[in-house]
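>
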Amino acid sequence: MTDALTADPHAANDVVSRVLATDAALALIVELRGEYGPVLFHQSGGCCDGSSPMCYPQGDYIVGDEDVRLGEIGGAPFYMSPSQFDYWQHTQLIIDVVPGRGGMFSLENGRGVRFLTRSRLFTDADLDRLAPIGRGVNG
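For the sequence shown, my numbering assigns the number 1072 to the initial residue and increments by one for each residue that follows.
1. Looking at the structure shown, is D1120 part of a helix, part of a strand, or coil, going by DSSP?
2. Cα-Cα, which of I1100, T1194 and L1091 is closest to T1188?
3. Please classify E1137 as buried or exposed, where buried requires at least 16 other C-beta atoms within 10 Å of its C-beta.
4. Looking at the secondary structure, which residues open and close the beta strand (DSSP E) in which L1104 lies?
5. Taking the alpha-carbon positions, what's the Q1163 to R1104 distance?
6. Looking at D1167 and L1186, is the spacing between their C-beta atoms short of 9 Å?
7. Can you confirm whether L1187, when its beta carbon is compared against all beta carbons of chain B, has any partner nearer than 9 Å?
8. Out of curiosity, what's the CA-to-CA distance linking Y1127 and R1089?
Okay, here's the thing in structure tokens:
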């Protein structure tokens, strides 16, 4: 598999994904799913853990009705708050894994690595082919 940082951002059906994951992130998601079952991501908006992607078991985190679903990475839905989406809507999020301590409540905590959000601005050509967003857990 190609690393998401160098992959064609719209290789699948010429639709540009709003969120991608590197091979390292996908491998960690597989590990976490094997241990915890289905998981989801929510981009933290600050407070205790700064602004980082947080990974939770599905059902342990209540997704808000207005939270924006950007897509899936490794079979895990990825959400953020509407106010964050207003800020990030012109960027593609690339979820990576780096050495460090995960967020206090994120499932990778204690493994010596953490999820990290990288980003790139969408090009004008990308904007016409963006994957649709959803709202809330059913979005």
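We put the CB at the ideal spot given by N, CA and C, even for glycine.
To lay it out plainly:
1. Confidence in D1120 is poor, its pLDDT being 46 and thus under 50, which makes the residue's placement unreliable; the coordinate value appears in the next sentence. D1120 falls in the helix class under three-state DSSP.
2. L1091
3. exposed
4. Looking at the sequence shown, residue 1104 is not Leu but Arg. Not the beta strand (DSSP E): R1104 falls in the alpha helix (DSSP H), residues D1094 to Y1107.
5. 24 Å
6. Correcting the residue type first, residue 1186 is Phe in the shown sequence and not Leu. It is a contact, given that the beta carbons lie within the stated cut-off.
7. Included in the structure is just one protein chain, with no chain B present.
8. 20 Å
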